[in-house]
Amino acid sequence: MADGQSIFGVHGTALALRSQRLSMLASNIANAATPGYKARDIDFDRAMDLAGRGRGAGAAAEEAAAYRVPVTPSLDGNTVELSTEQTLFAENAVQYRTTLSFLEGRISTITRALKGE
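Heads up: the sequence shown at position 95 corresponds to 95 in full-length UniProt numbering, and the numbers run straight through without jumps.
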């Protein structure tokens with residue numbers, strides 16, 4: 001239950017995984033000019049599957065993380081393709097916000113129920 005598998009179901013885990021993916025994508029963007037830096041990403045569906053099998057969100061994210069294979073390799077060994085990373089970051093941020101909004105609604109419903117409204 002430590003990873004959101006309580007009253008929030010899979011949504012708590014999804015939020016934690018989306019947050020970890022945002023951090024990883026932000027790191028890729030921040031290191032776009034670092035020679036030899038290898039871009040990584042989390043396979044979200046695989047991470048959710050692993051988390052559903054009893055792994056914590058952190059362990060599932062790490063196990064589902066992989067190095068990205070660039071479309072156009074860089075001469076300095078850096079595999080970050082800035083436009084790809086920015087697009088993935090924006091998409092994941094929208095998905096994060098959607099999950100967060102759902103959870104906020106769920107919390108509001110539970111709060112109203114506890115107050116007897």
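All residues carry an ideal CB built from backbone N, CA and C; glycine is no exception.
These numbers were taken from a predicted model, which means no experiment stands behind them.
Nearest residue (CA-CA) to residue i, options the options
i     : options                       : result
Val71 : Gly77, Glu63, Glu81           : Glu81
Leu15 : Thr98, Gly105, Glu117         : Thr98
Ser83 : Leu75, Asn28, Arg53           : Asn28
Leu22 : Asn92, Gly105, Lys115, Ser108 : Asn92
Asp43 : Asn31, Gly36, Glu63, Gly54    : Glu63
Arg40 : Thr111, Ala61, Glu117         : Ala61
Tyr37 : Gly116, Ile107, Thr79, Pro73  : Thr79
Leu75 : Gln20, Glu117, Ala30, Pro35   : Pro35
For residue i, three-class secondary structure by DSSP
i     : result
Phe32 : Inspection of the sequence shows that residue 32 is occupied by Ala rather than by Phe. Correct three-state label for Ala32: coil.
Tyr96 : helix
Leu15 : helix
Thr84 : helix
Thr79 : coil
Status (buried if at least 16 other CB within 10 Å, exposed otherwise) for residue i
i           : result
residue 118 : This structure cannot settle anything about residue 118, because the visible part of the chain is limited to 1 through 117.
Glu85       : buried
Ala90       : exposed
Ala51       : buried
residue 133 : There is no way to answer for residue 133, as the model of the chain reaches only from 1 to 117.
Ala30       : exposed
Distance between residue j and residue i (C-alpha atoms, nearest Å)
i      : j      : result
Lys18  : Gln95  : Here residue 18 turns out to be Arg, not Lys, going by the sequence shown. One C-alpha to the other measures close to 8 Å.
Phe8   : Ala32  : 36 Å
Asp45  : Glu104 : 23 Å
Gly12  : Ser108 : 15 Å
Leu88  : Tyr67  : 14 Å
Glu117 : Arg106 : 14 Å
Identified DSSP bridge partners for residue i
i     : result
Arg40 : Tyr67
Cβ-heavy atom distance, residue i to the ligand FMN, below 6 Å
i     : result
Ala51 : As presented, the structure is devoid of all ligands, the ligand FMN included, so that no description of it is given.
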